[in-house]
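Q: Numbering (my numbering), first residue to last: 1 to 301. All C-beta atoms in this analysis are idealised placements derived from N, C-alpha and C, irrespective of residue type, glycine included. Please read all numbers here as calculations on a predicted model, not as lab measurements. Next up is a structure, given as structure tokens.
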Amino acid sequence: MNETKFPIENDLQSLQFTLPFRTDEGNKGDFGRCVIVGGSENFVGAPRFSAESAAEVLALLGEAAMRSGAGTTVLALPDFLLAAVYPSLRYSAAMALPSSNGAIVFDEAAAKKVFKGATAVAIGMGMGDGDALSYARYVLDKTDCRLVLDADGLKCAAEVGGFGGRAVLTPHTGEMSRISGIPSEQIAENAAEVCREWARKLDCVLLLKGHESFVSDGREVYINRTGNARLSKGGSGDVLSGIIGGMLAWGVEPLLAARVGAYSLGRCAELSATNAISHLPDDIMSVLPLVFDELQGVMRL
1 MNETKFPIEN
11 DLQSLQFTLP
21 FRTDEGNKGD
31 FGRCVIVGGS
41 ENFVGAPRFS
51 AESAAEVLAL
61 LGEAAMRSGA
71 GTTVLALPDF
81 LLAAVYPSLR
91 YSAAMALPSS
101 NGAIVFDEAA
111 AKKVFKGATA
121 VAIGMGMGDG
131 DALSYARYVL
141 DKTDCRLVLD
151 ADGLKCAAEV
161 GGFGGRAVLT
171 PHTGEMSRIS
181 GIPSEQIAEN
191 AAEVCREWAR
201 KLDCVLLLKG
211 HESFVSDGRE
221 VYINRTGNAR
231 LSKGGSGDVL
241 SGIIGGMLAW
251 GVEPLLAARV
261 GAYSLGRCAE
271 LSATNAISHL
281 PDDIMSVLPL
291 VFDELQGVMR
301 L
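In structure tokens form, the structure reads like this:
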């Protein structure tokens, strides 16, 4: 009997033609809404990058979330950042969340308003000491949304405990160490097994980011080898969360969304015409449509 190779290659051959078919009759309401909860006094940029990743696959946070397939996107920001972010918004709506001492605080009435109509939520980008835990628990307990936890949102991962198979967590090795208590060096030496074990423990899909990234749902483990030095800039991981959130919003299953997200981010870096020194997260968005063409087998003349 043939044994499944461990880990499985997360490459174009394994991903092409796996995304759900979209018909010409669809409208924005058919493809979901991704809400991005992030930002704090010291991190204005991060939530914008996330939303851009998710609406042209969810058009830049509104664009990245929309670039990954979402019909609409909403940026849920601390109230004092709203005026500062408006000039840079192109596709997303923006809503205010209450804040204290420069960080988002939980308010159930505000959460109910922000998450109305949402099909996916991404929490944590640039959130600092904001109350990611309460917002994550609200999403899991009071909505049917799927969830992405990244950056500061990962601080609450162990406290949440189980995610019911509805979440994608995107830690790098250091963040994984904080979640698991395992030293970073030990994680790096056995990344595939750590990824699978903790995906199973947390009942989530885990995307363990690195030079080679691993994706697991607690059963299968995939290794992703796309990417290069162009991704070594702040904001690249936020774009990844937007891409995944956008796909979750229109109904892509968490494991596939994480696999496509990891592949797409790295492949964007490989296709980018901007050199590694000057490359910025915005440059990822400019080639993301080419990656989705590859995934759908589209030939450009």
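For Leu-12, which residues in the same chain have their Cβ closer than 7 Å to its Cβ, ignoring the five residues on either side in sequence?
A: Glu-294
Q: Run the CB neighbour count on Arg-219, radius 10 Å, all protein chains shown included, and call it buried at 16 or more, exposed below.
A: exposed
Q: In angstroms with no decimal places, state the Cα-to-Cα distance between Val-333 and Val-221.
A: Nothing in the structure corresponds to residue 333, since the chain is present only between 1 and 301.
Q: Identify, in the order they occur along the chain, each residue of the same chain with its Cβ nearer than 7 Å to the Cβ of Ser-319, setting aside the five sequence neighbours on each side.
A: As displayed, the chain neither begins before 1 nor continues past 301, which places residue 319 out of reach and without an answer.
Q: Could you tell me which uninterrupted beta strand (DSSP E) segments, each at least 3 residues in length, are contained entirely in the region 128-159, listed from first to last along the chain?
A: You should have 146-149.
Q: Spell out a yes or no on whether the region 223-236 and the region 175-188 are touching, meaning 3 or more CB-CB pairs, one atom from each, closer than 8 Å.
A: no
Q: Looking at C-beta atoms only, is the number of pairs between the region 143-151 and the region 233-240 that lie closer than 8 Å three or more?
A: yes
Q: For Asn-10, count neighbouring C-beta atoms within 10 Å of its own C-beta (all shown protein chains included) and say buried if the count is 16 or more, exposed if not.
A: Its Cβ being crowded by 16 or more others within 10 Å, Asn-10 is buried.
Q: What do you get for Arg-267, buried or exposed, if any count of 16 or more other CB atoms within 10 angstroms of its CB means buried?
A: buried
Q: Can you list, in chain order, the residues of its chain whose CB lies under 7 Å from that of Asp-283, leaving out five sequence neighbours each side?
A: Ser-272 and Thr-274
Q: Since Ser-222 is in the beta strand (DSSP E), which residue starts that stretch and which ends it?
A: The sequence given here places Tyr at residue 222; Ser does not occur at that position. First-last of the beta strand (DSSP E) with Tyr-222: 221-224.
Q: Whole angstroms is fine: what's the gap from Gly-130's alpha carbon to Ser-40's?
A: 7 Å
Q: What residue range does the alpha helix (DSSP H) around Thr-173 cover?
A: 173-180
Q: CB-CB under 7 Å to Ala-229, same chain, minus the five flanking residues each way: which ones, in chain order?
A: Same-chain partners within the cutoff: Ala-276.
Q: Between Ala-84 and Val-35, how many whole angstroms is the CB-CB distance? I'm expecting something under 8 Å.
A: Not quite, the Cβ-Cβ distance comes to about 19 Å (not below 8 Å), so this is no contact.
Q: Would DSSP call Asp-195 helix, strand or coil?
A: Inspection of the sequence shows that residue 195 is occupied by Cys rather than by Asp. DSSP places Cys-195 in helix when its eight states are reduced to three.
Q: Measuring alpha carbon to alpha carbon, tell me which residue in Cys-156, Gly-161, Thr-143 and Ala-167 is nearest Leu-256.
A: Answer by Cα proximity: Ala-167.
Q: Excluding the five sequence neighbours on either side, which residues of its own chain have a C-beta within less than 7 Å of the C-beta of Thr-18, listed in chain order?
A: Leu-256
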